[in-house]
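Here the sequence shown is numbered in my numbering, starting from 166 and rising by one per residue.
Below you'll find the structure, written out as structure tokens, and then a few comments.
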Amino acid sequence: MANTETALKECLGTIEGATAAALVDYTSGMALGTLGGGKDFNLEVAAAGNTDVVRAKLRTMEHLGLNEEIEDILITLSSQYHLIRLLRGRGGNGLFLYLVLDAGRANLAMARHQLRRIESELEI
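See below:
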């Protein structure tokens, strides 16, 4: 089982094109751990903003009466992919992994597969 720091390092170290990763509590909007980003990309701001995305989708699903679970949310920009993976089980309720990928270097299918594996090994 991996802790937060190890999981975030694994995201950046093993997922091709990954430039930033965070573990975020969407009940509070706080990042519990961050890695990557930089002066041109404030990962704390991105984590808080994506909390609103997750909340809006959950609220919409509730209004629609969808009895489903979100696996992940993908936002595609011209040069980046933003992948939000909601955590399940082992105390992960209310948390998501947030991954930023360089669209020119990333393989989105592989990134989703690897993020799913990292999430399964994460111990909260």
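Where a beta carbon is used, it is the ideal one built from N, C-alpha and C, also for glycine.
Nothing here was measured: the structure is a model prediction, and the numbers come from that model.
Put simply, the backbone Cα of E284 is about 22 Å away from that of N232. The DSSP assignment places complete beta strand (DSSP E) segments of no fewer than 3 residues inside the stretch 179-259 at 183-190, 195-201, 237-241, 245-251, in order along the chain. Between the stretch 173-183 and the stretch 203-222 there are fewer than three inter-stretch CB-CB distances shorter than 8 Å, so the stretches are not counted as touching. In this structure, I240 lies away from L251, with their beta-carbon atoms at least 8 Å apart.
When DSSP states are grouped into helix, strand and coil, A172 belongs to the helix group. For A274, no pairing in a beta bridge is given by DSSP. Ranking A185, T225, S193, N258 by CA distance to the CA of F206 puts A185 first.
Pairing A196 with L287 gives a Cβ-Cβ distance that is not under 8 Å.
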